[in-house]
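Its first residue numbered 1, the sequence shown is counted upward by one per residue in UniProt numbering. To start, the structure itself, in structure tokens.
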Amino acid sequence: MIVDLHMHTTCSDGIYSPEALTKMAVEAHLDVIAISDHDTVAAYAAPYHLNAGTRIIPAIEMSSDYEGEDVHVLGYYLDTADADLLAYCAQFKERRFRRALEIIDRCISLGYILDRGYLEKRIAEGSAIGRPHIARMLVKKGYFSDVKSVFDTLLYRGGPAYVPYHRKTIHECIDLIHHAGGIAVLAHPGLLRKVLTQVLTHPFDGIEVYHPKNEGRYEEFLEIAEQKGWYVSGGSDFHGVPGRFPEQLGVFVVEAKQVERFLNYQRN
Ligand code: AMP
Ligand code: ZN
Ligand code: FE
Ligand code: FE
Numbered sequence: 001m002i003v004d005l006h007m008h009t010t011c012s013d014g015i016y017s018p019e020a021l022t023k024m025a026v027e028a029h030l031d032v033i034a035i036s037d038h039d040t041v042a043a044y045a046a047p048y049h050l051n052a053g054t055r056i057i058p059a060i061e062m063s064s065d066y067e068g069e070d071v072h073v074l075g076y077y078l079d080t081a082d083a084d085l086l087a088y089c090a091q092f093k094e095r096r097f098r099r100a101l102e103i104i105d106r107c108i109s110l111g112y113i114l115d116r117g118y119l120e121k122r123i124a125e126g127s128a129i130g131r132p133h134i135a136r137m138l139v140k141k142g143y144f145s146d147v148k149s150v151f152d153t154l155l156y157r158g159g160p161a162y163v164p165y166h167r168k169t170i171h172e173c174i175d176l177i178h179h180a181g182g183i184a185v186l187a188h189p190g191l192l193r194k195v196l197t198q199v200l201t202h203p204f205d206g207i208e209v210y211h212p213k214n215e216g217r218y219e220e221f222l223e224i225a226e227q228k229g230w231y232v233s234g235g236s237d238f239h240g241v242p243g244r245f246p247e248q249l250g251v252f253v254v255e256a257k258q259v260e261r262f263l264n265y266q267r268n
């Protein structure tokens, strides 16, 4: 049995719709998946009809930060109709949209010609906008060869077109996930630099051990999970685009037995 517990759709910065993604998951013979969009659970709401050929664990990837580094908190098994969770998502969507317009204004003042129409279209479709949307616009316009170059030049944290935005603290994210009946899992710890030790002192329920950006460090993270009694999870962080994460589904997968306790989690 193979699983993938970290993937994005058009509801945030992935390029496939929730329906298309679940179809692809069936074709890639994935037995269990979790759609974990950035700050939204829209994939689990109408009008989407998720393909029933695979088990789907409801999820979200919340954006937080800690002393200047991006920290992502995954929530699993949550009630995607929870009112507080939905209020969080609605607030974030609005905040992300306003921030995206500010990023575009910065790009324009740096000499790049961009218009807001594309973003307005994504918003009308219900997407939570992120930096990758703007990076892709700049690539499409021919200013950069790939998304990574845009991040490296303009959009990295503190970069010339970077616009900070208010996020909840790690504690608040964990509380919100618990309130919605879910478990909180630290996403891709391998991406954390100076703050890892401090971030690990937070009351997570689990850690994402298996992730493309954790390569070479699985043993280290498994040990942490064991010490703390945390659930072990894993996934590809599939967005459907080339570059940072696998472009195809089924390339980076996790064996069900590697995350067995996570898969057997039962909500009280
Ligand atoms: P945002 O939600 O706007 O802060 O953007 C964060 C998302 O941008 C991450 O989840 C990744 O999908 C993507 N991202 C972050 N850093 C990079 C990078 N250096 N290259 C490509 N994509 C990145
Ligand atoms: Zn993303
Ligand atoms: Fe992430
Ligand atoms: Fe992600």
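Note that the Cβ used here is the ideal one computed from N, Cα and C, for glycine as well. This structure is a prediction, so every number in the text was calculated from the model and none was measured.
Residue i Cβ short of 8 angstroms to ligand 3 heavy atom set
| i | result |
| --- | --- |
| A187 | yes |
Same chain only: Cβ atoms within 7 angstroms of residue i, ignoring 5 sequence neighbours per side
| i | result |
| --- | --- |
| I174 | V73, A184, H202, P203 and F204 |
| R167 | S63, S64 and D65 |
Own chain, CB closer than 8 angstroms to residue i, minus 5 neighbours either side, in chain order
| i | result |
| --- | --- |
| H133 | D13, A100, Y118, L119, R122 and S127 |
| G181 | Y77, L78, D79, D82 and R267 |
| K141 | Y112, I113 and L114 |
| L155 | I103, R131, I134, A135, A161 and Y162 |
Limits of the unbroken beta strand (DSSP E) element including residue i
| i | result |
| --- | --- |
| M62 | A59 to Y66 |
| E260 | Element bounds for E260: not the beta strand (DSSP E) but the alpha helix (DSSP H), E260 to L263. |
| residue 269 | Nothing about residue 269 can be reported from this structure: the residues present for the chain run from 1 to 268 only. |
| E208 | G206 to Y210 |
| H6 | I2 to M7 |
| A256 | That residue, A256, is in no beta strand (DSSP E); it is neither H nor E in DSSP. |
| E215 | Taken as a continuous stretch (DSSP letters only), E215 belongs to no beta strand (DSSP E), as it is neither H nor E. |
| A184 | I183 to L186 |
| E69 | E69 to Y76 |
Beta-carbon separation (whole angstroms), residue i vs residue j, contact threshold 8 angstroms
| i | j | result |
| --- | --- | --- |
| V259 | G234 | 6 angstroms |
| V195 | Y66 | 5 angstroms |
| V32 | I57 | 7 angstroms |
| H171 | G190 | H171 to G190, Cβ: 22 angstroms. No contact. |
| I15 | H239 | 7 angstroms |
| E208 | H8 | Not quite, the Cβ-Cβ distance comes to about 14 angstroms (not below 8 angstroms), so this is no contact. |
Residue span of the alpha helix (DSSP H) that contains residue i, given as start and end
| i | result |
| --- | --- |
| L196 | L196 to V199 |
| M137 | R131 to K140 |
| H179 | I170 to H179 |
| Y118 | G117 to E125 |
| S233 | Counting along the chain, S233 falls outside any alpha helix (DSSP H), though it belongs to the beta strand (DSSP E) covering Y231 to G234. |
Residue i beta carbon near ligand 2 (any heavy atom closer than 8 angstroms)
| i | result |
| --- | --- |
| S12 | yes |
Residue-chain proximity (residue i, chain C), Cβ-Cβ < 9 angstroms
| i | result |
| --- | --- |
| Y16 | The structure shown contains no chain C, having only a single protein chain. |
Residue i beta carbon near ligand 4 (any heavy atom closer than 8 angstroms)
| i | result |
| --- | --- |
| D237 | yes |
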